[in-house]
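Counting with this note's numbering, you get residues 6 to 345 for the letters of the sequence shown.
Idealized CB from N, CA, C, for every residue including glycine.
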Amino acid sequence: MTNRPIRPLLAAALVLTGVAGCGSVSTASQSPTGSPSAAGTAQAQYPMTISNCGRDFTIAKEPQRIVGLYPGQTEILLRLGLKDRIVAQAQDGVSKPSPDLADELKTIRSLGAKTPPSKEILVSQSPDFVFSGSEYEFSTEQGFAGKDDLLKAGATPYVATAGCRQRRSTGTVEDAFSDLRTLGKVLGRADQAAELEKQARADLAAVTDRIAGRSPVKTAQVFYEGGKLYAIGAAIEVDMLRLAGGRNVFAPTEQRFADFYAAEINAEVVLERNPDAFVFAVQNDEHQRQTVDYLTRTFPGTPAVRTGRLVGVRNATFAPGTLASIEGVATIADGLHPKS
């Protein structure tokens, strides 16, 4: 689980407010004031107005100082060829990096490995575009820079579509493609975004085609940390499970998910549902070992444990607004429906 995984921060995430809204872009009718990026051919037009989480933001010129507030966000910025414009990243310690980007990620300044940066630290980087996976990163109650704080500092805040407060429980993998197109236009990388989307859709189709016709595997989607187990009942995490050929034993209509897409759960509930597989997010190798150990000790009689269907997935793949979700779908599919 990710983007405010249920660490001790769940209570804070539950009280966040906001309104739903997809990311969309409109440009002014005046002649373009921006110049095409060196690596692209599409001419971006500024000023440009984007709609995000129910608010409109106007971007005067192509952003040059970008901050990614979660690993999945930083990774997609790198894949768009924006390394020279990424001035900082945050929460880079909550997930293993994508292997092909690990070296590049090491060279980007970290503003906090486990939590979003404080308002003062973030503003001190003089960003002009800040990309997050959820509204949590802009929570002033936590001491983080709010959206209005960033606007005053000359930066545009952008939340992944599936991370908008009222959208978080109904987000889908498809939302990531909408974000990719918006980022491509806003950051002068429309051509690169189109190529990334084409490849990602092909990769996703390869997975879904491989498992087509197979019966969905009854799966408990969970997150384990600090001795506590949490059930995932909705959001992009469950859409990924569906695409990977799984059927979640937790339903989004359950009362425990009325306020948030995840909830602490006791072992008895899981035992009653007797899953054939477990799918869970992992932050690093040690976290995966701890989770597997807990599930093995706690649910030894379930088909999931007896058959070894314990599928750990890199935490960043569950982040709204990142193409890493395609990687996550592939990992889950391989665990639920092994290649013959």
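Less than 8 angstroms between CB atoms is the rule here; does residue i satisfy it with respect to chain C?
i, result
"residue 102", "As a matter of chain content, chain C is missing from the structure shown, which is built from one protein chain."
Leaving out five residues on either side along the sequence, give the residues of the same chain with a beta carbon under 6 angstroms from the beta carbon of residue i.
i, result
"residue 40", "Confidence in residue 40 is poor, its pLDDT being 38 and thus under 50, which makes the residue's placement unreliable; the coordinate value appears in the next sentence. Contacts found: none."
"residue 350", "Nothing about residue 350 can be reported from this structure: the residues present for the chain run from 6 to 345 only."
"residue 60", "none"
"residue 331", "205, 208, 209"
"residue 212", "334, 335, 338"
"residue 322", "329, 330, 332, 333"
"residue 340", "316"
"residue 152", "143, 162"
"residue 118", "97, 98"
"residue 296", "229, 285"
"residue 279", "307"
"residue 44", "Residue confidence is low: residue 44 scores 44 on pLDDT, short of 50, so the model does not pin down where it sits. Its coordinate-derived value is still stated next. Excluding positions up to five away in sequence, the list reads 86."
"residue 180", "166, 167"
"residue 235", "11, 228, 267, 269"
What are the boundary residues of the alpha helix (DSSP H) that includes residue i?
i, result
"residue 182", "179-191"
"residue 333", "329-341"
"residue 319", "No alpha helix (DSSP H) holds residue 319; the beta strand (DSSP E) holding it covers 315-319."
"residue 282", "Note, residue 282: premise wrong, no alpha helix (DSSP H); beta strand (DSSP E) at 282-287."
"residue 299", "290-303"
"residue 125", "124-128"
"residue 212", "195-216"
What does residue i pair with, by DSSP beta-bridge criteria?
i, result
"residue 223", "252"
"residue 269", "235"
"residue 109", "Looking at the DSSP assignment, residue 109 forms no beta bridge with any residue, so it has no partner."
"residue 134", "71, 161"
"residue 115", "94"
"residue 323", "According to DSSP, residue 323 bridges with nothing at all."
"residue 228", "235"
Considering only the beta carbon of each residue, do residue i and residue j sit closer than 8 angstroms?
i, j, result
"residue 324", "residue 159", "no"
"residue 83", "residue 106", "yes"
"residue 150", "residue 116", "no"
"residue 85", "residue 188", "yes"
"residue 314", "residue 283", "yes"
"residue 100", "residue 76", "yes"
"residue 148", "residue 129", "no"
"residue 70", "residue 90", "yes"
"residue 175", "residue 263", "no"
"residue 304", "residue 274", "no"
Looking only at its chain, what residues have a beta carbon closer than 8 angstroms to the beta carbon of residue i, apart from the 5 residues adjacent to it on each side?
i, result
"residue 215", "338, 342, 344"
"residue 237", "6, 226, 227, 228, 243, 253, 255, 266, 267"
"residue 156", "62, 162"
"residue 178", "209, 241, 244, 245, 248, 330, 331, 334"
The beta strand (DSSP E) with residue i in it runs from where to where?
i, result
"residue 163", "161-164"
Counting only the same chain and skipping the five closest in sequence on each side, list residues whose C-beta sits under 7 angstroms from that of residue i.
i, result
"residue 131", "70"
Three or more beta-carbon pairs under 8 angstroms between the segment 240-255 and the segment 301-313, yes or no? no
So does the segment 293-303 actually touch the segment 226-243, counting three or more Cβ pairs closer than 8 angstroms? yes
Is it a yes or a no for the segment 255-264 touching the segment 66-74, going by three-plus beta-carbon pairs under 8 angstroms? no
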